[in-house]
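Here is the structure we will look at.
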Amino acid sequence: MLVQVGMGFLAALTFGYIFRVPASQTVRCGVVGGLGWTVFLVAEQSWGEVGAVFLAATTVAVLSEILARRHHQPVIVFLTPGIIPLVPGSKAYLTMLSFVQKDYTQGVVLLVTTLFLAGAIAAGIIITSSLFRNFSRTKRMGR
Amino acid sequence: MEELVGLILTAGELLLTCGAEMARVEETIERMGRAAGFVQVESYATPTGLFVSLHDPQGKVYTRVKRIRGGQSNIALIAEVNSLSRAFSAGEITAQEVRRELERLQQAGTGDSLTRPLIGGGGALAFAVMMGGTWLEGLVAGLVGTLVLLVVSRLEGPFPKVLQAAVGSVVAAGVIRGLGRFLALNSNVTILGAVMVLAPGMVITTAIRDLLSGELVSGLSRSAEALVIAVAIAAGVAVVLSLGGS
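Chains as they are written, first to last, in my numbering: chain A, 1 to 143; chain B, 1001 to 1246.
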């Protein structure tokens, strides 16, 4: 478990570097990604995969919005690397693998799962940022 | 006035080539235009082109179109242009200073030819282990991920992103299949970790944020870009796997 959390941290941190996040923020990106991955791992047992990804994406989005405001950075600085550990890359890969091996039934099952997972991520981001946008608009105009 | 128009256009162009969200680009142009003394500022940004129309107090209208050619994701640059425009509209810095800073940012090369692949390899390692791989698989994924990024960085420029992704994934899958003959590897997990360094993560996030803020044109075009890159990665791996007799 601890190794997994560490790997989530490492993945977000390295991808933060790849996307050229401001150097002073890369560690925070790693922390956001690691926490998101932790939430996913904890919630997966009881919420199922899609629910856990939704919960984790929401966590990442909330943390990103808070950090962005506190450190005067654009939200994408934290959001983009933070969401990386949750991206259903493995499902997308296995989908393709099934199609290549002519196992179309399994491929379609995996494809639908991939789409649901991607949708869960999008929903988590969208709901959180709309809430934050409305909240900050009432507080003061602009962002 | 003419100079200010150019300045605003440069800022917008820089943001777009670095992969900023449309709302941010338009907001920045609007903010800088108002601060520069234009009474009405209209802008329309898409990932491939920027249209700006600025009305000065005398009623003269400056309209410019700027074609945007694909660049590289660079969040740090987005953040810098963002804070520059804020400082400019708050009156903390002059137009001259903004121009100098923008020129500096435009010229600042990436200059990280080796560290980037190495750190990306760390990401590949992390992914392989997160997907349930062993440390050996993680290590191989990390090394191959580094190799992939090195190969892809050689292709940058003349080749479109799609081709870069396809070549990168062919390299990753090929090398790992080859190593799989000598090492006890779960090739699926290893290949997956290595090709993650090619995944269009930044494009996906901005696409979602664009769609959310009602930027349908750029949201859809970016989703299409992400999809095409993902398919290219998959196709590269698929070609190698089907040649290798599964």
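Glycine included, every Cβ here is placed at the ideal spot set by N, Cα and C.
- prompt: Can you tell me the Cα-Cα spacing of B:G1019 and B:V1240, whole angstroms?
  reply: Indexing the second sequence from 1 puts residue 1019 of chain B at position 19. Indexing the second sequence from 1 puts residue 1240 of chain B at position 240. One C-alpha to the other measures close to 31 Å.
- prompt: Is there contact here, the region 1042-1057 of chain B with the region 1009-1028 of chain B, by at least three beta-carbon pairs under 8 Å?
  reply: As far as the Cβ criterion goes, the region 1042-1057 of chain B touches the region 1009-1028 of chain B, which means the pair count is three or higher.
message: For B:E1021, which residues in the same chain have their Cβ closer than 6 Å to its Cβ, ignoring the five residues on either side in sequence?
response: Taking the first residue of the second sequence as position 1, residue 1021 of chain B is located at position 21. Cβ neighbours of B:E1021 beyond the five flanking positions: T1206, R1209 and D1210.
query: Just checking my contact of B:V1167 with B:L1155 at CB under 8 Å: how many whole Å lie between their CB atoms?
result: Start at 1 with the first residue of the second sequence, and residue 1167 of chain B comes out as number 167. Start at 1 with the first residue of the second sequence, and residue 1155 of chain B comes out as number 155. Indeed, because the Cβ distance is near 6 Å, the residues count as touching under 8 Å.
message: Using a Cβ-Cβ cutoff of less than 8 Å, which residues in the same chain neighbour A:F99 once the five nearest sequence positions on both sides are dropped?
response: Taking the first residue of the first sequence as 1, we reach residue 99 of chain A at position 99. Taken in chain order, the residues that qualify are G107.
query: Between the region 1188-1201 of chain B and the region 83-95 of chain A, do at least 3 Cβ pairs fall closer than 8 Å?
result: yes
query: Helix or strand or just coil, what does DSSP make of A:H72?
result: Against the first sequence, residue 72 of chain A aligns to sequence position 72. It is coil, neither helix nor strand.
- prompt: With distances taken from CA atoms, which of B:L1054, B:R1024 and B:Q1040 is nearest B:V1081?
  reply: Within the second sequence, numbered from 1, the residue matching residue 1081 of chain B stands at position 81. The residue with the shortest Cα to Cα distance from B:V1081 is B:R1024.
message: So A:G48 contacts chain B; which residues on that side make the cut at Cβ distance below 9 Å?
response: One-based indexing of the first sequence puts residue 48 of chain A at position 48. Here the premise fails: no neighbours, minimum Cβ distance about 18 Å.
- prompt: Can you give the Cα-Cα distance for B:A1238 and B:L1105, rounded to whole angstroms?
  reply: Residue mapping note: residue 1238 of chain B aligns to position 238 of the second sequence, counting from 1. Residue mapping note: residue 1105 of chain B aligns to position 105 of the second sequence, counting from 1. B:A1238 and B:L1105: Cα-Cα distance of roughly 40 Å.
- request: Check whether the Cβ of A:Y17 lies closer than 8 Å to any Cβ atom in chain B.
  value: For the purposes of this step, residue 17 of chain A is identified with residue 17 of the first sequence, where counting begins at 1. Yes - at least one Cβ of chain B is within 8 Å of the one on A:Y17.
query: Taking the alpha carbon of A:N134 as the point to measure from, which residue in B:L1136, B:V1041, B:S1213 and B:L1050 has its own alpha carbon closest?
result: As a first step, residue 134 of chain A is located in the first sequence; it is residue number 134 there, counting from the start. Comparing Cα positions, the closest option is B:S1213.
Meets three-Cβ-pair contact criterion under 8 Å: the region 65-84 of chain A and the region 1220-1228 of chain B: no
message: Do B:I1191 and B:A1165 count as a contact pair if the criterion is CB distance below 8 Å?
response: The residue labelled residue 1165 of chain B in the question sits at position 165 within the second sequence. The residue labelled residue 1191 of chain B in the question sits at position 191 within the second sequence. Not a contact, by the Cβ cut-off of 8 Å.
Where B:Q1247 falls: helix, strand or coil (DSSP): In this structure chain B extends from 1001 to 1246, so residue 1247 of chain B is not present and cannot be described.
field: Three-way DSSP call (helix, strand, coil) for B:L1050 in this model
entry: The residue given as residue 1050 of chain B occupies position 50 in the second sequence. Note: B:L1050 maps to strand in three-state DSSP.
query: Quick one: what's got a C-beta closer than 7 Å to A:V50's C-beta in the same chain, skipping five residues either side?
result: Indexing the first sequence from 1 puts residue 50 of chain A at position 50. Same-chain partners within the cutoff: F116, L117 and A120.
- request: Leaving out five residues on either side along the sequence, give the residues of the same chain with a beta carbon under 7 Å from the beta carbon of A:S64.
  value: In the first sequence, the residue the question calls residue 64 of chain A occupies position 64. Only V32, V75, F78, L79 and G82 meet the Cβ criterion.
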